[in-house]
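Chemist: Note that the sequence shown covers residues 58 to 314 in this note's numbering. Where a beta carbon is used, it is the ideal one built from N, C-alpha and C, also for glycine. Source: prediction; values computed, not measured. Sharing a structure, written as structure tokens. Questions coming.
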Amino acid sequence: MDAAASGALRGRWTEVRQRVEAAARRSGRKPTDVLLVVVTKSGSIDQIRELVQFGQVDMAENRVQQLVQRAASVGEWLQRRREMDPKAELPTVRWHMIGSLQRNKVRKCMEVARLIHGVDSLRLAEEIQAAAVRRETPMEVLVEVNVSGEDSKHGIAPPAVRHLLDQMDTMLNLKVRGLMCMAPLSGGTEAARRTFDRCREIFEDCRTSGAGGDRFDLLSMGMSGDFEVAIECGANLVRVGGAVIGPPQVEEPPEEA
Ligand SMILES: *Cc1c(COP(=O)(O)O)cnc(C)c1O
58 MDAAASGALR GRWTEVRQRV EAAARRSGRK PTDVLLVVVT KSGSIDQIRE LVQFGQVDMA
118 ENRVQQLVQR AASVGEWLQR RREMDPKAEL PTVRWHMIGS LQRNKVRKCM EVARLIHGVD
178 SLRLAEEIQA AAVRRETPME VLVEVNVSGE DSKHGIAPPA VRHLLDQMDT MLNLKVRGLM
238 CMAPLSGGTE AARRTFDRCR EIFEDCRTSG AGGDRFDLLS MGMSGDFEVA IECGANLVRV
298 GGAVIGPPQV EEPPEEA
């Protein structure tokens with residue numbers, strides 16, 4: 058990657074980090090209380106490597122195939138870099154799966170993902186539980202809530218969240234770390250704020266009642282257009298793509314059928 062492109066990427070990344078930190082302070086939290094996950098789905102491999110060198114640890118993809126390929130490619134590159142320069146301080150990337158996950162891709166996904174954000178059915182949870190039996194640590198997941206009811210395809214309805222969490226509590230190889238939601242496509246900032254506020258309420262209700270157990274502590278909401286609103290509403294994990302990546306570098310693969 059040439060110096061100008063690298064500089065522009067670093068500029069966008071730094072600005073987003075500063076905006077995340079400012080929003081955290083505005084909402085009475087420490088900058089380190091909010092985790093920035095960079096969504097790399099429209100970025101290039103070169104950009105991901107640059108981001109790793111800047112110190113960005115958490116990256117997300119929404120397609121299993123691209124997730125697995127990129128995790129392998131970046132992992133090999135990191136290993137070569139460390140062999141060349143054992144003193145180099147390079148982080149190990151934590152990969153997040155943020156798209157809708159088909160049951161037949163669960164095993165593949167679990168080979169690399171640290172956190173699966175979009176669990177939205179008992180059947181998917183059961184598939185993950187079954188695939189995780191031989192793991193040393195439970196697979197960590199978030200339950201996706203369809204707060205706005207707008208897109209009926211992804212996320213479970215708010216009244217069904219508690220029941221799903223109770224069922225998932227009995228799955229020992231899986232650990233629910235919290236909730237994830239998306240703002241509606243239309244309605245602008247106000248609709249986003251209502252959605253995020255509602256999701257925060259559901260999150261707090263679950264926590265207070267003990268559903269999800271200990272370490273139910275992640276609330277994943279907010280993207281490039283609304284991450285500051287999301288943080289003000291209580292998000293402690295934001296998923297930001299375009300604002301860091303800039304114009305798309307690769308064509309997004311079609312929705313996995
Ligand atoms: C693509 C994507 C994002 C990031 O969107 P940007 O608008 O590029 O920041 C966040 N979450 C999910 C689930 C996505 O698919």
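Thinking C-alpha only, which one of Arg76, Glu107, Val95, Lys98 is nearest Ala60?
Modeler: Checked all of Arg76, Glu107, Val95, Lys98; the closest Cα to Ala60 is Glu107.
Chemist: Apart from the five residues just before and just after Arg255, which ones in its own chain have a Cβ nearer than 6 Å to its Cβ?
Modeler: Excluding positions up to five away in sequence, the list reads Val204.
Chemist: What's the call for Ser243, buried or exposed, on a 16-neighbour Cβ count within 10 Å?
Modeler: Exposed, since its Cβ has fewer than 16 Cβ neighbours within 10 Å.
Chemist: Compare the Cα-Cα distances from Arg76 to each of Glu289, Gln306, Arg139 and report the closest residue.
Modeler: Closest option to Arg76, Cα to Cα, is Glu289.
Chemist: Report the option in Gly303, Ala300, Glu285, Arg137 whose CA atom is closest to the CA atom of Ala79.
Modeler: Nearest option by C-alpha distance: Glu285.
Chemist: CB-CB under 8 Å to Lys87, same chain, minus the five flanking residues each way: which ones, in chain order?
Modeler: So the qualifying residues of the chain are Ala81.
Chemist: Around the Cβ of Pro305, are there at least 16 other Cβ atoms within 10 angstroms (buried) or fewer (exposed)?
Modeler: It counts as exposed.
Chemist: Does the beta carbon of Ile155 fall short of 6 Å from some heavy atom of ligand 1?
Modeler: Flag set: Cβ of Ile155 near ligand 1.
Chemist: Could you pull out every residue in the same chain whose Cβ sits closer than 6 Å to the Cβ of Ala48, ignoring the five residues on either side in sequence?
Modeler: Examination of residue 48 is not possible in this model, given that the chain is present from 58 through 314 alone.
Chemist: Going by DSSP, which residues form a beta bridge with Ala170?
Modeler: DSSP output for Ala170 lists Trp152 as bridge partner(s).
Chemist: Would Arg82 count as contacting chain D if we go by Cβ distances under 7 Å?
Modeler: Among the chains in the structure shown there is no chain D, since it carries only a single protein chain.
Chemist: Apply the 10 Å Cβ neighbour rule to Val109 and answer buried if 16 or more other Cβ atoms are within range, or exposed otherwise.
Modeler: Buried: at least 16 other Cβ atoms inside 10 Å.
Chemist: Can you look up Arg83 in the DSSP assignment and give me helix, strand or coil?
Modeler: It is helical.
Chemist: By the DSSP assignment, the beta strand (DSSP E) with Glu197 in it spans what residues?
Modeler: First-last of the beta strand (DSSP E) with Glu197: 196-201.
Chemist: If we ignore side chains and look at the alpha-carbon of each, how far apart do Leu66 and Gln104 end up?
Modeler: C-alpha separation (whole angstroms): 8 Å.
Chemist: Output needed for Ala189: all residues of its chain with C-beta closer than 8 Å, excluding positions within five of it in sequence on either side, in chain order.
Modeler: Met167, Pro195, Met196, Asn230, Leu231, listed in sequence order.
Chemist: Taking the alpha-carbon of Ser130 as reference, which of Thr149, Asp274, Gly303 has the nearest alpha-carbon?
Modeler: Considering only alpha carbons, the answer is Thr149.
Chemist: Compute the minimum distance between the beta carbon of Val307 and the heavy atoms of ligand 1, and state whether it is under 6 Å.
Modeler: For ligand 1, not one heavy atom lies less than 6 Å from the Cβ of Val307.
Chemist: Three or more beta-carbon pairs under 8 Å between the segment 135-144 and the segment 172-182, yes or no?
Modeler: Short answer: they don't touch.
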